[in-house]
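Q: In the working numbering, each residue's number is its place in the sequence shown (first place is 1) plus 18.
Glycine included, each C-beta is placed from N, C-alpha and C at the ideal position.
Sharing a structure here in structure tokens format.
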Amino acid sequence: MAAAAFGLGDTRCALRAVERMYLLRGNLFAWDACDVAEIDGRVVGVLASCRIGEMRGRNLATIVPLLRSLGPLRSLALLRRGLIPTGLGPRSMVPRALRRRGEPPMVNLAASSGHYVNALAVADKYRRLGIARRLVGRAHAAASAEAPGSMVVNVFEFNAAARDFYRGLGYREVRRFEPKNPEFTGTSAAILTLQADLPGPKGRPALS
Numbered sequence: 019m020a021a022a023a024f025g026l027g028d029t030r031c032a033l034r035a036v037e038r039m040y041l042l043r044g045n046l047f048a049w050d051a052c053d054v055a056e057i058d059g060r061v062v063g064v065l066a067s068c069r070i071g072e073m074r075g076r077n078l079a080t081i082v083p084l085l086r087s088l089g090p091l092r093s094l095a096l097l098r099r100g101l102i103p104t105g106l107g108p109r110s111m112v113p114r115a116l117r118r119r120g121e122p123p124m125v126n127l128a129a130s131s132g133h134y135v136n137a138l139a140v141a142d143k144y145r146r147l148g149i150a151r152r153l154v155g156r157a158h159a160a161a162s163a164e165a166p167g168s169m170v171v172n173v174f175e176f177n178a179a180a181r182d183f184y185r186g187l188g189y190r191e192v193r194r195f196e197p198k199n200p201e202f203t204g205t206s207a208a209i210l211t212l213q214a215d216l217p218g219p220k221g222r223p224a225l226s
């Protein structure tokens, strides 16, 4: 999950970045945004989600510890790949640069409210045991406890397994778009936004 999230091609480096961010608060991979599945004391799955209204702040809070974890050379490489193509050099302050771009590079959502699944991963050895389904169910329950609303997730159009998984949980396609910043996604492939309507507390119907 860590390597895929940042497209770094180095699992150890990406994992170190995520571990650092998990110990903090308020970023995309912080403890207050994650549900973790364990079997016999081993972490076998994780789901990161948050309110869509928190996404901008969490994105900004993710960038700084990410760059610190990568070190100067990798940080410059990431900044060159993601910021220079849009006219912003590595000397720019990251939060300022992101604001100038109009929105954080990791966010492209159709909805302005509800909750967003930022990442979901299960260790290969423990797949097909229902762990991912239970993690999503836990996130649904937590979101439903607040108010009627929705949960959305972005998946690459070519990822048939992800599409089928979420559709099996009641998600429907609400948007298809080309990535605005393929430097961060690692591909220019189309992305689908899938959405599931959630009931509110005590079974109140979801908002349409």
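With a cut-off of 8 Å, do at least 3 Cβ pairs link the stretch 139 to 149 to the stretch 167 to 184?
A: no
Q: Which residue wins for smallest C-alpha separation from Y184, given the options I70, M169, P197?
A: Numbered from 1 along the sequence shown, position 166 holds the residue referred to as residue 184. For the residues I70, M169, P197, the minimum Cα distance to Y184 belongs to M169.
Q: What's the call for L277, buried or exposed, on a 16-neighbour Cβ count within 10 Å?
A: No answer is possible for residue 277: it lies beyond the span of the chain, which begins at 19 and ends at 226.
Q: Please report the distance separating the alpha-carbon of G63 from that of E56.
A: Residue numbering aside, residue 63 sits at position 45 when the sequence shown is read from its first letter. Residue numbering aside, residue 56 sits at position 38 when the sequence shown is read from its first letter. About 7 Å.
Q: May I ask you to list the residues that DSSP assigns as paired with L65?
A: Reading the sequence shown from its first residue, position 47 is the one you call residue 65. According to DSSP, L65 bridges with D53, L138.
Q: Who pairs with L212 in a beta bridge, going by DSSP?
A: In the sequence shown, counting from the first residue as 1, residue 212 sits at position 194. Answer by DSSP bridge pairing, in chain order: V171, E191.
Q: Would you report the Cα separation of L187 and R151, rounded to the nearest angstrom?
A: Counting from 1 along the sequence shown, the entry for residue 187 is found at position 169. Counting from 1 along the sequence shown, the entry for residue 151 is found at position 133. Using only the alpha carbons, I get a separation of about 8 Å.
Q: Y65 and D50: beta carbons closer than 8 Å?
A: On the sequence shown, residue 65 is found 47 positions in, with the first residue counted as 1. On the sequence shown, residue 50 is found 32 positions in, with the first residue counted as 1. The sequence shown places Leu at residue 65, rather than the Tyr named in the question. No, the Cβ-Cβ distance between L65 and D50 is not below 8 Å.
Q: Considering only the beta carbon of each residue, do Y189 and L212 sit closer than 8 Å?
A: Locating residue 189 in the sequence shown gives position 171, counting from the first residue. Locating residue 212 in the sequence shown gives position 194, counting from the first residue. Yes; because the gap between Cβ atoms is below 8 Å, this pair is in contact.
Q: Just how far apart, CA to CA, sit T205 and V36?
A: The residue given as residue 205 occupies position 187 in the sequence shown. The residue given as residue 36 occupies position 18 in the sequence shown. Distance between the alpha carbons of T205 and V36 is about 22 Å.
Q: Is the beta carbon of R194 less than 8 Å from the beta carbon of A208?
A: Here residue 194 refers to the residue found at position 176 when the sequence shown is read from its first residue. Here residue 208 refers to the residue found at position 190 when the sequence shown is read from its first residue. Yes.
Q: Determine the DSSP secondary structure at R185, reduced to helix, strand or coil.
A: Looking up residue 185 in the sequence shown gives position 167. Here R185 sits in helix by DSSP.
Q: Inspect the beta-carbon positions of Y134 and M73 and report whether they are closer than 8 Å.
A: Residue mapping note: residue 134 aligns to position 116 of the sequence shown, counting from 1. Residue mapping note: residue 73 aligns to position 55 of the sequence shown, counting from 1. For Y134 and M73, yes; Cβs fall inside 8 Å.
Q: Determine the direct distance from the alpha carbon of D58 to that of A79, and round the result to whole angstroms.
A: Position 61 of the sequence shown holds residue 79. Position 40 of the sequence shown holds residue 58. Roughly 32 Å between the two C-alpha positions.
Q: Taking the alpha-carbon positions, what's the A163 to P219 distance?
A: Within the sequence shown, residue 163 is the residue found at index 145, counting from 1. Within the sequence shown, residue 219 is the residue found at index 201, counting from 1. Whole-angstrom Cα-Cα distance: 5 Å.
Q: Residue range of the alpha helix (DSSP H) that A159 falls in?
A: Along the sequence shown, one-based indexing puts residue 159 at 141. That run of the alpha helix (DSSP H) goes 149 to 162.
Q: Is it the case that the Cβ atoms of G132 and G155 are separated by a distance below 8 Å?
A: On the sequence shown, position 114 is the one that residue 132 refers to. On the sequence shown, position 137 is the one that residue 155 refers to. Against a cut-off of 8 Å, the Cβ pair of G155 and G132 comes out as no contact.
Q: Please return the same chain residues whose Cβ sits closer than 7 Å to the Cβ of A48, not counting the five positions on each side in sequence.
A: As a position in the sequence shown, residue 48 is number 30, starting the count at 1. Result list for A48: M39, Y40, L42, in chain order.
Q: If you run the structure through DSSP and keep just helix, strand and coil, what is R74?
A: Residue numbering aside, residue 74 sits at position 56 when the sequence shown is read from its first letter. In this structure, R74 counts as helix in the three-state DSSP scheme.
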